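Trainee:
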Amino acid sequence: MPAPTDSDVAATIGRLLREVAPQVLGVVVRRYRDFAACEDAVQEAFIAAATQWPGEGVPENPRAWLIQVASRRITDHVRAEAARRHREAIVVSLIPPDEQIALAADTGGATERDDTLDLLFMSCHPALSPASAIALTLRAVGGLTTAEIARAFLVPEATMAQRVSRAKQTIYLETLKGSPDSPAKSSARRSRAPLTRIKASGVAFEMPEAGAALGARLGSVMHVLYLMFSEGYAASQGSEILRSDLSGEALRLTRLLHGLVPDETEVAGLLALMLLTDARRAARTGPAGEIIPLDEQDRTAWDREAIAEGVALITETWPKGRVGPVQLQAGSAAVHDEAARADETDWPQILALYGVLSRMSDNPMVALNHAVALAMVEGPAAGLARLDEIASDPRLAGHHRLDAVRGHLLERAGDRTGAIACFRRAAEQTASTAERNYLLLQAARLSDVDRQVPGGRQRRTRAAFSK
Amino acid sequence: MLMMNTPGKGPYQIASWPKEDIARHIQFMMSFATKLGAAGELVAAEGLSGPDQAKRVRAAADGAPITDGVFPEAKEFLVGYWIVDVDTPERAYQIAAEASAAPGVGGKPLNMAIEVRQVMTAPPADAL
Numbered sequence: 001m002p003a004p005t006d007s008d009v010a011a012t013i014g015r016l017l018r019e020v021a022p023q024v025l026g027v028v029v030r031r032y033r034d035f036a037a038c039e040d041a042v043q044e045a046f047i048a049a050a051t052q053w054p055g056e057g058v059p060e061n062p063r064a065w066l067i068q069v070a071s072r073r074i075t076d077h078v079r080a081e082a083a084r085r086h087r088e089a090i091v092v093s094l095i096p097p098d099e100q101i102a103l104a105a106d107t108g109g110a111t112e113r114d115d116t117l118d119l120l121f122m123s124c125h126p127a128l129s130p131a132s133a134i135a136l137t138l139r140a141v142g143g144l145t146t147a148e149i150a151r152a153f154l155v156p157e158a159t160m161a162q163r164v165s166r167a168k169q170t171i172y173l174e175t176l177k178g179s180p181d182s183p184a185k186s187s188a189r190r191s192r193a194p195l196t197r198i199k200a201s202g203v204a205f206e207m208p209e210a211g212a213a214l215g216a217r218l219g220s221v222m223h224v225l226y227l228m229f230s231e232g233y234a235a236s237q238g239s240e241i242l243r244s245d246l247s248g249e250a251l252r253l254t255r256l257l258h259g260l261v262p263d264e265t266e267v268a269g270l271l272a273l274m275l276l277t278d279a280r281r282a283a284r285t286g287p288a289g290e291i292i293p294l295d296e297q298d299r300t301a302w303d304r305e306a307i308a309e310g311v312a313l314i315t316e317t318w319p320k321g322r323v324g325p326v327q328l329q330a331g332s333a334a335v336h337d338e339a340a341r342a343d344e345t346d347w348p349q350i351l352a353l354y355g356v357l358s359r360m361s362d363n364p365m366v367a368l369n370h371a372v373a374l375a376m377v378e379g380p381a382a383g384l385a386r387l388d389e390i391a392s393d394p395r396l397a398g399h400h401r402l403d404a405v406r407g408h409l410l411e412r413a414g415d416r417t418g419a420i421a422c423f424r425r426a427a428e429q430t431a432s433t434a435e436r437n438y439l440l441l442q443a444a445r446l447s448d449v450d451r452q453v454p455g456g457r458q459r460r461t462r463a464a465f466s467k
Numbered sequence: 468m469l470m471m472n473t474p475g476k477g478p479y480q481i482a483s484w485p486k487e488d489i490a491r492h493i494q495f496m497m498s499f500a501t502k503l504g505a506a507g508e509l510v511a512a513e514g515l516s517g518p519d520q521a522k523r524v525r526a527a528a529d530g531a532p533i534t535d536g537v538f539p540e541a542k543e544f545l546v547g548y549w550i551v552d553v554d555t556p557e558r559a560y561q562i563a564a565e566a567s568a569a570p571g572v573g574g575k576p577l578n579m580a581i582e583v584r585q586v587m588t589a590p591p592a593d594a595l
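Protein chains in written order, with our numbering: chain A, 1 to 467; chain S, 468 to 595.
#1: Given 8 Å as the limit, is there contact between the segment 425-441 of chain A and the segment 506-524 of chain S, that is, 3 or more CB pairs closer than that?
#2: The beta strand (DSSP E) with W549(S) in it runs from where to where?
#3: Should I533(S) be flagged as near chain A, meaning a C-beta pair shorter than 8 Å?
#4: Mind listing, in chain order, the continuous beta strand (DSSP E) runs of no fewer than 3 residues lying wholly within the segment 483-526 of chain S?
#5: Can you pull the DSSP bridge partners for M470(S)?
#6: D403(A) by DSSP, collapsed to three states: which one?
#7: What is the residue span of the alpha helix (DSSP H) that D535(S) lies within?
#8: Spatial neighbours of S290(A) within its chain, please: C-beta separation below 7 Å, excluding the five flanking residues on both sides.
#9: Terminal residues of the continuous alpha helix (DSSP H) containing L384(A)?
#10: Closest to Q561(S) by C-alpha separation, out of A521(S), A580(S), K486(S), would be which residue?
#11: At least one CB of chain A closer than 8 Å to the CB of I489(S): is that the case?
#12: For D448(A), go through chain S and note every residue whose CB falls closer than 9 Å to its CB, in chain order.
#13: Decide if the segment 300-310 of chain A is in contact with the segment 355-369 of chain A; the criterion is three or more beta carbon pairs, one per stretch, under 8 Å apart.
#14: Using a Cβ-Cβ cut-off of less than 9 Å, list which residues of the segment 287-299 of chain A approach chain D; keep chain order.
#15: What number of angstroms, rounded off, separates the C-alpha of I420(A) from the C-alpha of F121(A)?
#16: Within the 8 Å Cβ cut-off, does M587(S) reach chain A?
#17: Which residues in chain A sit within 7 Å of W482(S), going by Cβ to Cβ distance?
#18: What separation, rounded to the nearest whole angstrom, lies between the Cα atoms of R31(A) and G232(A)?
#19: Does the count of Cβ pairs from the segment 252-271 of chain A and the segment 405-419 of chain A closer than 8 Å reach three?
#20: Quick check: F229(A) and A250(A), are their CB atoms within less than 8 Å of each other?
#21: Just to confirm my understanding: we take P96(A), look at its own chain, exclude 5 residues before and 5 after, and list those with CB closer than 6 Å. What are they?
#22: Looking only at DSSP bridge pairs, what is T285(A) linked to?
#23: Give the secondary structure of P62(A) by DSSP, where H, G and I count as helix, E and B as strand, and everything else as coil.
#24: Provide the residue span of the alpha helix (DSSP H) that contains F46(A), from first to last.
#25: Need the endpoints of the alpha helix (DSSP H) that M274(A) sits in, please.
#26: Express the C-alpha separation of L273(A) and P382(A) in angstroms, rounding to a whole number.
#27: Are G536(S) and K522(S) touching if we call contact CB-CB under 8 Å?
#28: Tell me, please, which residues DSSP counts as bridged to P325(A).
#29: Could you tell me the boundaries of the alpha helix (DSSP H) in which I529(A) lies?
#30: Report the three-state DSSP secondary structure of P262(A) (helix, strand or coil).
#31: Quick one: what does DSSP say P156(A) is sitting in, helix, strand or coil?
#32: Output, in chain order, the set of chain S residues within a Cβ distance shorter than 7 Å of T254(A).
#33: Would you list, in chain order, the members of the segment 490-509 of chain S that have their beta-carbon closer than 8 Å to a beta-carbon of chain A?
#34: Work out the CA separation of V551(S) and A45(A) for me, nearest whole Å.
#35: Using DSSP bridges, identify the partner residues of P576(S).
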């Protein structure tokens, strides 16, 4: 076997660093709380590792090594900052006395799981806007650089750097607030005295044991991961490659989360939903980036392996307990993916799933899908009646999907003029170029019939006569 | 910066075109952007939503936004733009002419007006 080259070693170290990154940052942030400072310190530790390890060899416990170096950096950093700003009080309180002298190397085990989970909870904090939470999660847990995230979101690097730094600031302030029922919360807001702030902090970093608290925090993590996935899935032309990386990253992080909390059935459901949706990626757009709807996709281009994994996952998850909304959506995606042809789709089963789902969740998008399934099983009139029920929902006001669905159903009901008007209105409302193009073409396809060359009209007349 | 302005009720009423013409137009616009990108000349390109979605915003005395809209009757509106990085104004004009000739109904070139403006740059380094 040839000796490993320098670039082999560098690649191995790179992989190793990326793997332990969330754990290291999780530990350091839990100890020192200042997210921005901790991230800088961890980055410095990584640079130190990348320069020292190739020559000196990888230490026996790389994770502990990195934590120790990062901790030393942050201790230095906090001290320097404090001295400069005359805030010695903060330094003393920020660093627990037993850690001011030497830091015990972390010995891994169960805490690794908590550290990564902690970091996910923090990055997906409900106080952050979704865009900030996605950016921060990609940065802190996914290990992407700010430049990479900026490219994926098609914004200048400086804009993304600002977004990430604002997010970190928000997290820091949130952690100073403490838990909702902590008496220190109000005093932390009233008083800016450092000691009060320190006392108030810490609570937010405690791991919720189980039950409602854990569920709520997992809920916000899942929400962010799903948005990250959709962001990549709704790829627009030109940026396709970079954006699909975003979906891939969301899948990777959801897989990681599922590994951390394997008994959380909704997390398993989310992973299954992503696998089953992502499996259709190659078939859902045409060569010029145009949208191809589900019933017209080339199903042989679907990723069979991903479908098999998603189906297996949702099948083994369902019997484990009460089936939640994400699992129901995954179930519906599985039914679609298992049909070899569009007209073999088991719509009654999808209708049943969306029936349960719309009773369980107040999401207007769920209601829209329910209307589609209803139309497929009971006919367009039933679907249109369901649409009328939800049309007054203010969350759907001006939303292009309502008119897009109505357009499809009106067309199936034979109301071409109504369908054209709906497709055109939807085209005006969407913010996606690919969707607008698709909707304009739907409207044009229908209005072409009216301005048809005489031949077309004659054919139609003859057909009418032959009835 | 190449700005595509069209009159409110002018020839760019794409929604009312036959399907084949819309598809040809979309195809043209996509390959136009791809070609500029491949040539390394494209900095940015965006299509904008219609004027009926537009709002005009002004600050009130207290700084709060006052919105005003919609403007379907606007005489002329911006439907999209390209920012290109080229060596000479002539090259920018050439690209603009190509965009202007985008196919319309029946594949006939639209020959719409494309406004070409220079994007201001930072002062040269030696001036600092």
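Virtual Cβ for every residue (Gly too), placed ideally from N, Cα, C.
Quantities reported herein were computed from a predicted structural model and do not represent experimental measurements.
Mentor: Taking the definition as stated:
#1: Touching, yes.
#2: For W549(S), the uninterrupted beta strand (DSSP E) run begins and ends at 543-551, by DSSP.
#3: No, its Cβ sits nowhere closer than 8 Å to a Cβ of chain A.
#4: Fully contained in the segment 483-526 of chain S are the following beta strand (DSSP E) runs of length 3 or more, in chain order: 509-514, 523-526.
#5: Per DSSP, Y548(S), E582(S).
#6: In the structure shown, D403(A) sits in a helix (DSSP, three-state: H, G or I).
#7: Per DSSP, D535(S) is not a residue of any alpha helix (DSSP H); the beta strand (DSSP E) it occupies stretches across 532-535.
#8: Checking the sequence shown, residue 290(A) turns out to be Glu, not Ser. Hits under 7 Å: A434, N437, Y438.
#9: Per DSSP, L384(A) is one residue of the alpha helix (DSSP H) stretching across 380-390.
#10: Of the candidates A521(S), A580(S), K486(S), A580(S) places its Cα closest to the Cα of Q561(S).
#11: It does: the Cβ of I489(S) has a partner Cβ on chain A nearer than 8 Å.
#12: In chain order: P485, K486, E487.
#13: Judged by Cβ distances under 8 Å, the segment 300-310 of chain A makes no contact with the segment 355-369 of chain A, as fewer than three pairs qualify.
#14: Chain labels in this structure do not include chain D; the protein chains are A and S.
#15: Roughly 46 Å separates the two Cα atoms.
#16: It does not; no Cβ of chain A falls within 8 Å.
#17: Checking the sequence shown, residue 482(S) turns out to be Ala, not Trp. Among the residues of chain A, those whose CB is under 7 Å from the CB of A482(S) are R424, A427, L440, A443, following chain order.
#18: About 34 Å.
#19: Short answer: they don't touch.
#20: For F229(A) and A250(A), yes; Cβs fall inside 8 Å.
#21: Low confidence applies to P96(A): its pLDDT is 48, below 50, so where it sits in the model is not reliable, and the reading given next is rough at best. No residues qualify anywhere along the chain.
#22: DSSP, once it has assigned bridges, lists I291(A) as partnering T285(A).
#23: Collapsing the DSSP output to three states places P62(A) in a helix.
#24: Note, F46(A): alpha helix (DSSP H), 35-56.
#25: First-last of the alpha helix (DSSP H) with M274(A): 265-278.
#26: Note that residue 382(A) corresponds to Ala in the displayed sequence, not to Pro. Cα-Cα distance, rounded: 27 Å.
#27: The answer is yes: Cβ separation under 8 Å.
#28: P325(A) pairs with nothing; no bridge assigned.
#29: Residue 529(A) is absent from the model: chain A starts at 1 and stops at 467.
#30: Of the three classes helix, strand and coil, the one that applies to P262(A) here is coil, per DSSP.
#31: In this structure, P156(A) counts as coil in the three-state DSSP scheme.
#32: Per Cβ cutoff of 7 Å: no residues; T254(A) is ~31 Å from chain S at best.
#33: Shown in chain order are the members of the segment 490-509 of chain S whose Cβ falls below 8 Å from a Cβ of chain A: A490, I493, Q494, M497, S498, A500, T501, G504.
#34: Take the alpha-carbon of A45(A) and the one of V551(S): they are about 41 Å apart.
#35: Answer is P570(S), bridged to P576(S).
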